[in-house]
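A.B. asks: Take the sequence shown: its letters are residues 1 to 542, numbered as in UniProt numbering.
Would you mind keeping the following structure in view while I ask a few things?
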Amino acid sequence: MKIGSFEQFGSWLITNRTCFTRFTRTDQVPGCSLQIGAGLHVSLRPIPTLIGSIVFHGLDVSAQLLRTRAFIDGRWVSAASTFPVLDPATGEEIAKVSDCGTMEAQDAVNAAYKAFHLWKNHTAKERSILLRKWFELINQHKEDLAKLITAECGKPMKESIGEMTYSASFLEWFSEEARRVYGDIVAPSAKDRKILLLKQPVGVASIITPWNFPSAMITRKVGAALAVGCTVVVKPAENTPLSALALAELSVQAGIPPGVFNVVPCSREKTLAVGELLCTDPLVAKISFTGSTATGKILLRHAAGTVKRVSMELGGHAPFIVFDSADVDKAVAGAMVSKFRNSGQTCVCSNRFLVQSGIHDAFMEKLAKAMDAELKLGHGSEPATTQGPLINTRAVEKVENQIADAVAQGAVIVRGGKRLEGSFMQPTLLSNVNTDMQCMREETFGPLIPLVKFNTEQEALAIANASPVGLAGYFYSRDISQIWRVTEQMEVGMVGVNEGLISTTETSFGGIKQSGMGREGSKYGIDEYLEIKYMCLGGLSL
1 MKIGSFEQFG SWLITNRTCF TRFTRTDQVP GCSLQIGAGL HVSLRPIPTL IGSIVFHGLD
61 VSAQLLRTRA FIDGRWVSAA STFPVLDPAT GEEIAKVSDC GTMEAQDAVN AAYKAFHLWK
121 NHTAKERSIL LRKWFELINQ HKEDLAKLIT AECGKPMKES IGEMTYSASF LEWFSEEARR
181 VYGDIVAPSA KDRKILLLKQ PVGVASIITP WNFPSAMITR KVGAALAVGC TVVVKPAENT
241 PLSALALAEL SVQAGIPPGV FNVVPCSREK TLAVGELLCT DPLVAKISFT GSTATGKILL
301 RHAAGTVKRV SMELGGHAPF IVFDSADVDK AVAGAMVSKF RNSGQTCVCS NRFLVQSGIH
361 DAFMEKLAKA MDAELKLGHG SEPATTQGPL INTRAVEKVE NQIADAVAQG AVIVRGGKRL
421 EGSFMQPTLL SNVNTDMQCM REETFGPLIP LVKFNTEQEA LAIANASPVG LAGYFYSRDI
481 SQIWRVTEQM EVGMVGVNEG LISTTETSFG GIKQSGMGRE GSKYGIDEYL EIKYMCLGGL
541 SL
């Protein structure tokens, strides 16, 4: 153990092998000392100001990324109170973060509006270069950023590393797309004029993001917004503000100007008020939200008052269909990755498993064996862990209730079925499931696979489409005619054919029906932050 002191602008890297450490930095006060508890190693290097309290489960995280205050107009801002961020695996406090209210949210909107009038006048190349720098910095700090995700979200480290690669890719993609925003020249109907269609940024965008992908859901939205000249105010989920604030720190290092990227964390108690302000303030031109359908409807009502541009990625209830013609082993592998990634807590994860009668028993047997062999519960920081906790006890109770409802109606527990300590839930496989059961009618967001046996393609499609939402869907088949028929008839925005992991930067992401509106990622994602202006240049002598 080393105990050290540091001069002004000094800082530290914390290696916590016990459980708890507190650290305080007083800027521009020479001779500040850092009191270290047993088991901590401290090394000093110059980085910016940091104040906070951090608890980790054996993680080494660079202190420059451990930000606990709001980020508004290029400054770290304290609120009147704080709220705790908990490790979902242990229930222990990770940090106390500034609990922003409507005052801080309004300050952030004002800052973003002021910055917009400067940022939109940067050339596309200038914006592209800054986004590229941000991308490079995220890659440089990928492991530490992944540790933050694991600490506040519970995700296994392997998945957290994957998320950071995915997160960075959106900044890379949109740094390139920034220079490909083209308008049009249209042939006029009269000889004395020229017609042009210009694309311009919409303005300030409110970005409201979920906890299950606390980094990637920000960059997928913000990358597109900043690329075209919009500025943003990000309200991260109350469970996972540390990832958003770490991105803010790296935005500063990348040279993103003050006011362009703002982050206002807040507690669950203040979320309604802050969310309403971000959706109703007249200076906000655009809202982008990822979350539940119920919350999305509330935000849509808020946005209607000032007729804002809106894009929403809402709830899913993905069907996973296995036809008799499928390669069963590949279907089992696809089911494992589609269902159990992030312990079933993804908006595109499969919820309703429909297996044709000819291969139903073989599929169930192989799937059960795969669950036994491949799934290991534990803290996300443990290398062997594949299944972390659910985000909180409410999430566990929802899975419990769905299992109890299914069993009461005749379902059979093939694997799992039990709640474990804290927020852990056994990965569960149910057979003899019917469409009246709660797990077939409501999104689970947990590690539950209900198997429904079907006989015909038409029957499977009827079950798959009998949902008010339509985000993603999956099916396995080796019949090429069937592949085209089912793809065209599935009522979803994204289809995985013989593939259980479909998300990628280059493709459009979004749903139909009550799963939302608009698209993110791909060349189409950038259009969500652009207005088309028609210009008629008349009175010409041609």
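We put the beta carbon where it would ideally sit given N, CA and C, even for glycine.
Mind pulling the alpha helix (DSSP H) runs of 4 or more residues that sit fully within the region 347-422?
C.D. replies: Taking only runs of at least 4 residues, the alpha helix (DSSP H) segments lying wholly in the region 347-422 are 360-374, 393-408.
A.B. asks: Which partner residues does A216 have in the DSSP bridge list?
C.D. replies: DSSP, once it has assigned bridges, lists no residue as partnering A216.
A.B. asks: What are the boundary residues of the beta strand (DSSP E) that N110 is part of?
C.D. replies: Element bounds for N110: not the beta strand (DSSP E) but the alpha helix (DSSP H), 102-119.
A.B. asks: Among M517, F213, E104, which residue has its Cα nearest to the Cα of T346?
C.D. replies: The candidate whose alpha carbon is nearest that of T346 is F213.
A.B. asks: Spatial neighbours of D329 within its chain, please: C-beta separation below 8 Å, excluding the five flanking residues on both sides.
C.D. replies: Taken in chain order, the residues that qualify are K366.
A.B. asks: Check whether the Cβ atoms of V492 and A472 lie closer than 9 Å to each other.
C.D. replies: Their beta carbons are under 9 Å apart, which means V492 touches A472 by this criterion.
A.B. asks: Can you give the Cα-Cα distance for Y182 and C230, rounded to whole angstroms?
C.D. replies: Straight-line Cα distance between these residues: approximately 16 Å.
A.B. asks: Residue range of the beta strand (DSSP E) that W484 falls in?
C.D. replies: Careful: W484 lies outside any beta strand (DSSP E), inside the alpha helix (DSSP H) at 480-489.
A.B. asks: How long is the line joining the alpha carbons of N121 and D99, rounded to whole angstroms?
C.D. replies: Looking at the two C-alpha atoms, the distance is approximately 33 Å.
A.B. asks: Which residues in the same chain have their Cβ closer than 8 Å to the Cβ of E457, if we skip the five residues on either side of it in sequence?
C.D. replies: Result list for E457: F323, Q482, R485, V486, in chain order.
A.B. asks: Mind checking who residue 545 pairs with in its DSSP beta bridge?
C.D. replies: Absent from the structure is residue 545, since the part of the chain shown begins at 1 and ends at 542.
A.B. asks: Just to confirm before moving on: does the CB-CB distance between P236 and L245 stay below 9 Å?
C.D. replies: Their beta carbons are under 9 Å apart, which means P236 touches L245 by this criterion.
A.B. asks: Please state the DSSP three-state secondary structure of T280.
C.D. replies: Of the three classes helix, strand and coil, the one that applies to T280 here is helix, per DSSP.
A.B. asks: Given this structure, state the Cα-to-Cα distance separating residue 609 from N455, to the nearest angstrom.
C.D. replies: Shown here, the chain extends from 1 to 542; a query on residue 609 therefore has no answer.
A.B. asks: Short of 8 Å in beta carbon distance, which residues of its chain neighbour E176, apart from the five on each side in sequence? Order them along the chain.
C.D. replies: Correct list, in chain order: S128.
A.B. asks: Suppose the cutoff is 8 Å on Cβ atoms and the five residues either side in sequence are ignored; what does the same chain contact list for M217 look like?
C.D. replies: Cβ within range, chain order: T209, P210, T290.
A.B. asks: Please list the terminal residues of the continuous alpha helix (DSSP H) segment that includes residue 544.
C.D. replies: Outside the shown range of the chain, which is 1 to 542, sits residue 544, and nothing can be said about it.
A.B. asks: Quick check on the burial criterion: 16 or more other C-beta atoms within 10 angstroms. Buried or exposed for K191?
C.D. replies: Exposed is the call here.
A.B. asks: For T386 and G305, I'd like the C-alpha separation in whole angstroms.
C.D. replies: Each residue's alpha carbon lies about 45 Å from the other.
A.B. asks: In the DSSP assignment, find the alpha helix (DSSP H) that holds W76 and state where it starts and stops.
C.D. replies: Here W76 belongs to no alpha helix (DSSP H); instead the beta strand (DSSP E) covers 75-77.
A.B. asks: Pairs of beta-carbons, one from the region 65-85 and one from the region 252-272, closer than 8 Å: are there three or more?
C.D. replies: Flag = yes, the region 65-85 and the region 252-272 touch.
A.B. asks: Suppose you measure from the CA of F174 to the CA of K125; what does that come to, to the nearest Å?
C.D. replies: If I take the Cα positions, the gap works out to 12 Å.
A.B. asks: Would you mind stating whether L277 and V204 have Cβ atoms separated by less than 9 Å?
C.D. replies: No, the pair does not count as a contact, with Cβ atoms beyond the cut-off.
A.B. asks: Taking 9 Å as the threshold (C-beta atoms), are I94 and L537 in contact?
C.D. replies: No.
A.B. asks: My output table needs one value for R519: the three-state DSSP class, helix, strand or coil.
C.D. replies: In this structure, R519 counts as coil in the three-state DSSP scheme.
A.B. asks: So is T428 buried or exposed if we call it buried at 16+ other beta carbons inside 10 Å?
C.D. replies: Per the 10 Å Cβ criterion, buried.
A.B. asks: Only counting the same chain, and skipping five residues up and downstream in sequence, which positions put a Cβ closer than 7 Å to that of G316?
C.D. replies: Cβ within range, chain order: C347, V348, E443, V469, L471, A472, G511, S515.
A.B. asks: Which whole-angstrom value describes the C-beta separation of E136 and N239, a residue pair presumed to lie in contact below a C-beta threshold of 8 Å?
C.D. replies: Not quite, the Cβ-Cβ distance comes to about 28 Å (not below 8 Å), so this is no contact.
A.B. asks: Give the single residue among S508, Y529, E531, K513 whose Cα lies nearest to the Cα of G521.
C.D. replies: Nearest of S508, Y529, E531, K513 to G521, Cα basis: S508.
A.B. asks: Secondary structure at R309, three-state DSSP: helix, strand or coil?
C.D. replies: DSSP places R309 in strand when its eight states are reduced to three.
A.B. asks: In or out: T123 buried (at least 16 other Cβ within 10 Å) or exposed?
C.D. replies: By the neighbour-count rule (16 or more Cβ atoms within 10 Å), T123 is not buried but exposed.
A.B. asks: Return the first residue and the last residue of the beta strand (DSSP E) that G525 is part of.
C.D. replies: From DSSP, G525 is part of no beta strand (DSSP E); its letter is neither H nor E.
A.B. asks: I need the straight-line Cα distance from T15 to A63, nearest angstrom please.
C.D. replies: At T15 the pLDDT is 29, less than 50, meaning the model places this residue with poor confidence; the figure from the coordinates comes in the next sentence. Going from the Cα of T15 to the Cα of A63 covers about 10 Å.
A.B. asks: Is it buried or exposed for N401, if we count other Cβ within 10 angstroms and need 16 for buried?
C.D. replies: N401 is exposed by the Cβ-count criterion.
A.B. asks: Determine whether the beta carbon atoms of P383 and F424 lie at a separation below 9 Å.
C.D. replies: Their beta carbons are not under 9 Å apart, which means P383 does not touch F424 by this criterion.
A.B. asks: Check D60 in the structure and name its three-state DSSP category.
C.D. replies: Three-state result, D60: strand.
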